[in-house]
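See below for the structure under consideration.
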Amino acid sequence: MDDGQLLRYSRHILLEEIGVEGQQRILDAKVLIVGAGGLGSPAALYLAAAGIGRITLADGDTVDLTNLQRQILHTQERIGQPKALSGQVALHGVNPEVVVEAITTRLAGAALQELVANADVVLDCCDNFATRHEVNRACVRHRKALVSGAAIRFAGQLAVFDSGRDRTPCYHCLFPEAEEVEEERCATMGVFAPLTGIIGTMQAAEALKLIVGSGEVVLGRLWLLDGLSMEWRSIRFGRDPECPVCAGLN
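Right, here's the structure in full:
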């Protein structure tokens, strides 16, 4: 790190659990964020501010007026622009040292596999189960840590999955893809604006802890937030021995 970086990241460096070595790991890290909406916005902003070396921001949607109530990466002036490109502008404004790659199409197939393989940590900030399960399969295949968040109405949830560790569950263990699940969308159900900020910021925190190697991440636990009462519940879960995605891992 040069003198400017030592000053910029000094409040991290002062933390015993991070220090110079931990901050250097952050600067060297590559993070994939799937979704540049309500969750991806605060997650990306905090990771860029923290100094993540390379952020790949993937979202196939464009900025809409209804997004601005909670998706703080975007501005009224950028309505109609691809969210990934709008986010790229915002992140460069926060920290021009961070390399931001914008992917303006929905991630799938070989492109998703390649990006997951090259990432140190993946953040699932999307809003549909099909993408969540495809991202999970890629993370399991390449043994990458996955930080998953969700928010709808006043309910938020957070969990971390890391197939690089022995006998840990994957997203499919918790939410089996074959089950009949009625998908809830913000467009029809609504979402409390600060809730996405709370969950997205926690996703950034878990990602940084994984990168630095400090603290305890929420592996094998699903954190549930009731935004009306501001009460948290934690539910423990384990690997499904018959999971078709991760059962073959050690």
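Using full-length UniProt numbering, read the sequence shown as starting at 1 and increasing by one per residue. Backbone N, C-alpha and C define an ideal beta-carbon position, used for all residues, glycine too. Note that the structure is a prediction, hence the values are computed from the model and not measured.
Residue i versus residue j - alpha carbon distance
i	j	result
residue 123	residue 240	22 Å
residue 67	residue 119	27 Å
residue 144	residue 164	6 Å
residue 48	residue 90	10 Å
residue 176	residue 146	16 Å
residue 106	residue 137	16 Å
residue 193	residue 18	31 Å
residue 126	residue 12	29 Å
residue 238	residue 227	26 Å
residue 109	residue 115	10 Å
residue 102	residue 87	8 Å
For residue i, the nearest candidate out of the options (CA to CA)
i	options	result
residue 79	222, 62, 72	62
residue 234	157, 208, 211, 245	157
residue 195	92, 99, 39	39
residue 34	3, 134, 25	134
residue 95	140, 44, 77	44
residue 54	32, 159, 104, 117	32
residue 132	172, 72, 142, 114	172
residue 223	206, 7, 214, 213	206
residue 197	130, 155, 117, 114	155
residue 85	97, 104, 69	104
residue 64	74, 58, 57, 56	74
Exposed unless 16 or more other CB atoms sit within 10 angstroms - verdict on residue i
i	result
residue 148	buried
residue 229	exposed
residue 161	buried
residue 248	exposed
residue 215	exposed
Whole-number beta carbon distance between residue j and residue i, since they are thought to touch under 8 Å
i	j	result
residue 151	residue 42	About 11 Å; that fails the 8 Å criterion.
For residue i, the residue or residues it bridges with in DSSP
i	result
residue 56	32, 101
residue 62	82
residue 217	According to DSSP, which records beta bridges pairwise, residue 217 is partnered with nothing at all.
residue 138	According to DSSP, residue 138 bridges with nothing at all.
residue 161	146
residue 231	226
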